[in-house]
Every structure is written in C-alpha cells, then in structure tokens.
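S.K.: Take 755 as the starting number for the sequence shown in the working numbering and just add one per residue.
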Amino acid sequence: MTAEQIKDKQKMTQQRKKTLTILLVIILLSGLIILAWYWFYGRWYETTDDAYVNGNIVQITPLIDGSVVSITADDGDLVKQGQLLVALDPNDTEIALQQAKANLANSVRKVRSLYRTVDSYQAQLNSSQATLEKAEQDYERRKKLIAKGAISHEELTHSRATLQEAQANFNSILQQLQSNKVLIDNTKIDTHPDIVTASAQLEQAYLNWLRSDLIAPVSGYIAKRSVQVGQHVEKSKPLMAVIPLDQVWVEANFKETQLQYMRIGQPVTLKADIYSDVVYHGKIASLGAGTGSAFALLPAQNATGNWIKIVQRVPVKIQLDPKELQQHPLRIGLSMDVKVDLRNQDGAVLAQQSPATPVFSTDIYHQQLVAAKNMIKQIIAQNANTDK
C-alpha cells in the first residue's frame, strides 16, 4: 500500500468519524428536543381520534293507534317546538270524546237526583217524626184517661196501634234516608266518586283527541322518517326523529391508561373531519362510569383459560361551545380529533352533586288538560242545577 493510499484511507476514516459524530449529535439533540417537548408540553395533553358527535335523538311516537292523514315535515326539515308533524284521523277520538261528555252529564244528573232523594227522605222523616210525637202524646194522654174510666179500652187499643204504625213508618223512612245518605256522605256533586270517575274518563278522551296530532316536543331537524300517509300506526312505534343539533356533544373514548390526570372541567380542543380547518373548543363534562365493553349487549367473559388482556376505553363526554356550534353545525355520528389539556387538576374525577334542574325538558304537554278541566266545570254547572 503506497503512502498516498494510506493517506486517503486515513482521510476517509476521519470523514466517517466526523459524519458519525454529527449524526450522534443530531440524534442526541433530537432526543433532548423530544424530551423537552414531552416534559414541558406533551405530558400535559392526551389525544384520541376515537371520538364521535353524539346528541339527543327525540323519537316521535304516537300515544294512540290511528291512520295517518297528513305529514307536515320530511327528513332534513327544521321544525319548531310545538309544530304539527303528523296528523291521525280524529274521527274515532272525537266520537269517544262526545260519549265521555254525555256520560259525565248523565252522571251529574244521577248524582243530583241522589241529593234530591235525600232531601225528600229528610222532609218525610221530619213529617213522620211529628206524626210519631203526636201519636206518643195521644197514647200517653189516653193511658191516663183509661185509669179514670173516661175512655174505653177499645179507644186505647186504637191509640196504641196508631203509635206503633207511626213508629214503624218513622223507622222505615229513617232507614231509607240512611241508605241514600251513604251514597253522598261528605261529598259535593263535583267531588262525588261517580263524577270524579266520569271526569277522569272525559280527561282521558280529551287527551286521546289531542294526541291525534303529533307535535314536536323540541326544536330540531327531522331524521329517519318512516311514516306514510294512509298508514295505520300503533302507539309507541317510532315514526320519525327530531334532532336538536344545538344540543350535541362529543363522546371521546380514551384508553384507561390516559385517564390518570383527566378531570371534569379541563379544556379541550377538537377538530372535525367535515371542517378540516375549524378548531372547536370545549370542556370535559363527565367521565364515564364504566368502560364501553361493560355496557355491551354481550359483555366479554374473561373467566377463561385463554384470556388476553385488552386495554379498555372509557367514554368521556365533552361539552362544546354553543357559538362555535352555531357557526359550524355538527351532525350526530361525525368523527372528531380530540386533545385534552391536563394541566388544570382542580376538577373532580366524578360528579360531586346531582343536577339542580332538569338536564333536558319540554313544556308542550303542561297545559293540555286546562281546556278539559274547563269543559268539565261547564258540564257540571249545566247539569247540576243545585248549590251542592
């Protein structure tokens, strides 16, 4: 090997050492950068792409059987709370309502006759009592006269028979009065059991008549309409759904190893595949009380010899900013990328108190019986014709 070749070889060796040194420095610096990033930033965040938009799917189901005569909303339509969605044929319910009105009127008249019967027996009892007292006085007077020989024994016997007849008549009327009084004791016409029963039947008939119209319990968008005009529907069978898209949230499924520092109230940033450049902001509303598999229809059975450990996932509910939702609406089922900021550890792992107000509610049913109660009062007033 010549001197020139040895020199070239040494030069190549030095070049390799220099390259290796530079590479090692780069690797070391990269490791330090990654470590610094993790220490100051990365360890305070947890991310997952196993997250989906969830929300309330309000099923529209009839409460009575009937035939559909009209449909006023279709899939994708915006509907307001209280808006008519489906109308059923009202003929049967109208007939039942009229029958309930007539039944209440007849019941009022029958109960009114009970009060009048009691009044009549009370008047008869008062008259019978006067007759009985007069017969007792006559009999006592004749008992004294018979001792003096002023009257005959026959007249005394006749007086005794009159007294016994008056007593029997009084007892008979008293028994009839008591038997009829039992039917109305401690009641007025509007509180009599027969009237209460007939009133309840009228209220039910009125409700059934109202339920011929299916109205939206909340504002939202129509989805999964399956009902058709002319179809005979059965109660409790869903016809369509109303989805209030302003009430959606995100359910993120984090691995159990990611939950150690996760707390209620921690800030969250999210991205949706449907809006690639939009960032949503929210906060953790709750951490699930169990893993997803624990609530499966067929939970996993781990008491077997060939068990393999699988990392479980726990659903975490994330509340979104309503203003951002209004600007960029989300649909139920959309995929989301979620990043949770773990630096604030002040929150609780589980909720510490129950909600003070209803989480979701509707008031469209609150006033349904007002008109029925007014109708009942009117029917009772028209047929009672008495102050009782």
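All residues carry an ideal CB built from backbone N, CA and C; glycine is no exception. Treat the numbers as computed from the prediction; the structure is a model and nothing was measured.
Output needed for Asp-804: all residues of its chain with C-beta closer than 6 Å, excluding positions within five of it in sequence on either side, in chain order.
M.R.: Cβ neighbours of Asp-804 beyond the five flanking positions: Asn-1007.
S.K.: Would you check if the distance between the CB atom of Ala-841 and the CB atom of Val-823 is smaller than 8 Å?
M.R.: Yes, Cβ-Cβ distance for Ala-841 and Val-823 is below 8 Å.
S.K.: In angstroms with no decimal places, state the Cα-to-Cα distance between Gln-958 and Ser-821.
M.R.: The alpha-carbon atoms of Gln-958 and Ser-821 are separated by roughly 20 Å.
S.K.: In the structure shown, what three-state DSSP assignment does Glu-894 receive?
M.R.: Correct three-state label for Glu-894: helix.
S.K.: Among the candidates Pro-1053, Thr-945, Ala-1043, whose CA atom is the shortest distance from the CA of Val-865?
M.R.: When each option's Cα is compared against that of Val-865, the closest is Thr-945.
S.K.: Can you tell me whether Gly-1019 is buried or exposed, with buried defined as 16 or more other CB within 10 angstroms of its CB?
M.R.: Answer is exposed; the Cβ neighbour count stays below 16.
S.K.: Around the C-beta of Gln-768, are 16 or more other C-beta atoms found within 10 angstroms, so that it is buried, or is it exposed?
M.R.: Classification of Gln-768: exposed, given that the 10 Å Cβ count is below 16.
S.K.: I need the straight-line Cα distance from Lys-1142 to Lys-935, nearest angstrom please.
M.R.: The pLDDT assigned to Lys-1142 is 47, lower than 50, so where the model puts this residue is not dependable; a value taken from the coordinates is nonetheless given after this. Answer to the nearest angstrom: the Cα atoms are 14 Å apart.
S.K.: Alpha carbon to alpha carbon, what distance is there between Gln-813 and Ser-1115?
M.R.: Distance between the alpha carbons of Ser-1115 and Gln-813 is about 14 Å.
S.K.: Can you tell me whether Tyr-960 is buried or exposed, with buried defined as 16 or more other CB within 10 angstroms of its CB?
M.R.: Buried is the call here.
S.K.: Would you mind stating whether Tyr-806 and Ser-1089 have Cβ atoms separated by less than 8 Å?
M.R.: Yes, these two residues count as a Cβ contact at 8 Å.
S.K.: Determine the direct distance from the alpha carbon of Leu-964 to that of Gln-1121, and round the result to whole angstroms.
M.R.: In a straight line, the C-alpha of Gln-1121 is about 12 Å away from that of Leu-964.
S.K.: Output the boundary residues of the beta strand (DSSP E) element that contains Lys-1127.
M.R.: It is not in any beta strand (DSSP E) - Lys-1127 instead sits in the alpha helix (DSSP H) that spans 1124-1138.
S.K.: Using three-state DSSP, classify Gly-974 as helix, strand or coil.
M.R.: In the structure shown, Gly-974 sits in a strand (DSSP, three-state: E or B).
S.K.: Check the DSSP bridge columns for Met-705 and list the partner residues they point to.
M.R.: What is shown of the chain runs 755 to 1142, which leaves residue 705 out entirely.
S.K.: Which runs of the beta strand (DSSP E) at least 3 residues long sit entirely within the stretch 1000-1081? Give them in chain order.
M.R.: The qualifying runs are 1003-1009, 1021-1026, 1029-1041, 1067-1074.
S.K.: Do Gly-1101 and Arg-1017 have their C-beta atoms within less than 8 Å of each other?
M.R.: Against a cut-off of 8 Å, the Cβ pair of Arg-1017 and Gly-1101 comes out as a contact.
S.K.: Is it the case that the stretch 1036-1043 contacts the stretch 1065-1080, given that we only count it when at least three CB pairs across the two stretches are under 8 Å?
M.R.: Because the criterion of three Cβ pairs below 8 Å is met, the stretch 1065-1080 and the stretch 1036-1043 touch.
S.K.: Report buried or exposed for Asn-1098, applying the criterion of at least 16 other Cβ atoms within 10 angstroms of its Cβ.
M.R.: Under this definition Asn-1098 is an exposed residue.
S.K.: Three-state secondary structure (DSSP) at Ile-780?
M.R.: Three-state DSSP puts Ile-780 in a helix.
S.K.: Just reading off the alpha helix (DSSP H) that Tyr-960 is part of, what are its end residues?
M.R.: Segment 947-964, the alpha helix (DSSP H) holding Tyr-960.
S.K.: Within its chain, find whatever has a CB closer than 6 Å to the CB of Asn-860; leave out the 5 residues flanking it on each side and keep chain order.
M.R.: Excluding positions up to five away in sequence, the list is empty.
S.K.: So, Trp-1003 versus Gly-809, is the Cβ gap smaller than 8 Å?
M.R.: In contact: Trp-1003 and Gly-809 (Cβ atoms closer than 8 Å).
S.K.: So Ala-1026 and Leu-839 are supposed to be a Cβ contact under 8 Å. How far apart are they, rounded?
M.R.: Not confirmed; about 29 Å, so no contact.
S.K.: Quick test of the definition: if touching needs 3 or more C-beta pairs under 8 Å, does the stretch 778-787 touch the stretch 981-988?
M.R.: Cβ pair count under 8 Å is below three, so no.
S.K.: Counting C-beta neighbours from all protein chains within 10 Å, is the total for Ser-882 16 or more, i.e. buried, or is it exposed?
M.R.: Looking at its Cβ environment, which holds 16 or more other Cβ atoms inside 10 Å, Ser-882 is buried.
S.K.: Can you tell me whether DSSP reads Val-872 as helix, strand or coil?
M.R.: In this structure, Val-872 counts as helix in the three-state DSSP scheme.
S.K.: In its own chain, which residues sit with a C-beta less than 8 Å from the C-beta of Thr-871, not counting the 5 before and 5 after it?
M.R.: Hits under 8 Å: Asn-934.
S.K.: What residue range is occupied by the uninterrupted beta strand (DSSP E) comprising Leu-1096?
M.R.: No beta strand (DSSP E) contains Leu-1096, which DSSP labels as neither H nor E.
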